[in-house]
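Presented below is the structure to which this report refers.
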Amino acid sequence: AHVEYETDLRHYAHVDCPGHADYVKNMITGAAQMDGAILVVSGADGPMPQTKEHILLAKQVGVPAIVVFLNKADQVDDEELLELVELEIQETLTTYEYPGDEIPIITGSALLALESLTQENIDSSNKWIQKIYDLMDIVDEYIPLPKRDTEKPFLMAIENVVSITGRGTVATGRVERGMIEVGQTVELVGLKTTRET
Numbered sequence: 010a011h012v013e014y015e016t017d018l019r020h021y022a023h024v025d026c027p028g029h030a031d032y033v034k035n036m037i038t039g040a041a042q043m044d045g046a047i048l049v050v051s052g053a054d055g056p057m058p059q060t061k062e063h064i065l066l067a068k069q070v071g072v073p074a075i076v077v078f079l080n081k082a083d084q085v086d087d088e089e090l091l092e093l094v095e096l097e098i099q100e101t102l103t104t105y106e107y108p109g110d111e112i113p114i115i116t117g118s119a120l121l122a123l124e125s126l127t128q129e130n131i132d133s134s135n136k137w138i139q140k141i142y143d144l145m146d147i148v149d150e151y152i153p154l155p156k157r158d159t160e161k162p163f164l165m166a167i168e169n170v171v172s173i174t175g176r177g178t179v180a181t182g183r184v185e186r187g188m189i190e191v192g193q194t195v196e197l198v199g200l201k202t203t204r205e206t
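Numbering (our numbering), first residue to last: 10 to 206.
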């Protein structure tokens, strides 16, 4: 799933990369575009085999920074168990050459935050909702702003082309360098003849 949202400091385009083996291809495609990642680990179950796969793939495709959300904290009564899960996550991150001891870990429950969310308490008056706000504050602080080369000519790698009713054909991808403005002409370069649009 692709979702966009904002904090007070940044605009985020969020790509969900589930742990199921069928989604590894999607994870690779998504991770190759990431400036950072939120690694979600169950506090009740600890790191699963796919957790290690995700960390390895993130490292291999160059995801520079990771923040951990230790989910399902409401299902764990023993605080020491959560601490053991945190240690295991830190060790796993260190194994794959991430700074495990420095990576922030936020503990919460996404489900209880979602179930608690109403128009009246969207301001984080609920402790589970506050944990999500805390997570995004840490993401804002810990994951560095990506350096964008805006001085060079515009270059965007096309990731996908979709048809949208009422809009026509829409290309999506990542701007590698440069900038573009509404109404500006660009060249489409590919396997066929280069053309302007």
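Ideal placement from N, C-alpha and C gives every residue a C-beta, glycine not left out.
For clarity, every value in this text was computed on a predicted model and none was experimentally measured.
Tell me, which residues are paired with serine 172 by DSSP? Reading the sequence shown from its first residue, position 163 is the one you call residue 172. Looking at the DSSP assignment, serine 172 forms a beta bridge with Thr178.
Among Lys156, Asp110, Met165 and Asp17, which one has its Cα closest to the Cα of aspartate 44? By 1-based counting over the sequence shown, the position of residue 44 is 35. The option with the nearest alpha carbon to aspartate 44 is Lys156.
Closest to glycine 52 by CA distance: which of Val70, Gly71 and Val77 is it? As a working note, residue 52 is residue 43 in the sequence shown. Of Val70, Gly71 and Val77, the residue nearest in Cα terms is Val77.
Comparing alpha-carbon positions, which option in Trp137, Glu97 and Glu100 lies nearest threonine 116? Here the question's residue 116 lines up with position 107 in the sequence shown. When only C-alpha atoms are compared, the closest one is Trp137.
Whole angstroms is fine: what's the gap from aspartate 86's alpha carbon to glutamate 92's? Numbered from 1 along the sequence shown, position 77 holds the residue referred to as residue 86. Numbered from 1 along the sequence shown, position 83 holds the residue referred to as residue 92. For aspartate 86 and glutamate 92, the distance between alpha carbons rounds to 12 Å.
According to the neighbour-count rule (16 or more other Cβ atoms, all chains shown, within 10 Å of its Cβ), is asparagine 169 buried or exposed? On the sequence shown, residue 169 is found 160 positions in, with the first residue counted as 1. With fewer than 16 Cβ atoms within 10 Å of its Cβ, asparagine 169 is classed as exposed.
Based on Cα-Cα distance, which residue from Arg176, Ser172, Val198 and Asp54 lies nearest to asparagine 80? Residue mapping note: residue 80 aligns to position 71 of the sequence shown, counting from 1. Of Arg176, Ser172, Val198 and Asp54, the residue nearest in Cα terms is Asp54.
Can you say whether leucine 120 is buried or exposed, counting buried as having 16 or more other CB atoms within 10 angstroms of its CB? Working through the sequence shown from its first residue, we reach residue 120 at position 111. When all chains shown are included, leucine 120 counts as exposed.
Are serine 118 and alanine 166 close, meaning C-beta to C-beta below 9 Å? As a first step, residue 118 must be located in the sequence shown, where it is residue number 109. As a first step, residue 166 must be located in the sequence shown, where it is residue number 157. Result no, Cβ atoms of serine 118 and alanine 166 do not sit closer than 9 Å.
Let me confirm a value: proline 56 is counted as buried when at least 16 other C-beta atoms fall within 10 Å, else exposed. Which label applies? One-based indexing of the sequence shown puts residue 56 at position 47. Buried.
Can you tell me the Cα-Cα spacing of glutamine 84 and leucine 90, whole angstroms? Residue mapping note: residue 84 aligns to position 75 of the sequence shown, counting from 1. Residue mapping note: residue 90 aligns to position 81 of the sequence shown, counting from 1. Roughly 11 Å separates the two Cα atoms.
Can you give the Cα-Cα distance for glutamate 185 and isoleucine 141, rounded to whole angstroms? Looking up residue 185 in the sequence shown gives position 176. Looking up residue 141 in the sequence shown gives position 132. Using only the alpha carbons, I get a separation of about 30 Å.
What do you get for alanine 180, buried or exposed, if any count of 16 or more other CB atoms within 10 angstroms of its CB means buried? Position 171 of the sequence shown holds residue 180. Its Cβ having fewer than 16 others within 10 Å, alanine 180 is exposed.
Top-ranked residue by Cα proximity to valine 24, from Pro153, Asp110 and Val49: Here residue 24 is taken as the residue at index 15 of the sequence shown, counted from 1. Looking at the Cα atoms, Val49 is the closest of the given residues.
Which whole-angstrom value describes the C-beta separation of proline 113 and isoleucine 147, a residue pair presumed to lie in contact below a C-beta threshold of 8 Å? Residue numbering aside, residue 113 sits at position 104 when the sequence shown is read from its first letter. Residue numbering aside, residue 147 sits at position 138 when the sequence shown is read from its first letter. Yes, proline 113 and isoleucine 147 are in contact; Cβ-Cβ is about 5 Å, under 8 Å.
Are the CB atoms of phenylalanine 163 and glutamine 193 within a distance shorter than 9 Å? Start at 1 with the first residue of the sequence shown, and residue 193 comes out as number 184. Start at 1 with the first residue of the sequence shown, and residue 163 comes out as number 154. Yes, Cβ-Cβ distance for glutamine 193 and phenylalanine 163 is below 9 Å.
Determine the burial state of threonine 104: buried for a count of at least 16 other Cβ atoms within 10 Å of its Cβ, exposed for fewer. Start at 1 with the first residue of the sequence shown, and residue 104 comes out as number 95. So threonine 104 counts as exposed.
Backbone secondary structure at aspartate 158 - three-state DSSP: Translated into positions along the sequence shown, residue 158 becomes position 149. Three-state DSSP puts aspartate 158 in a strand.
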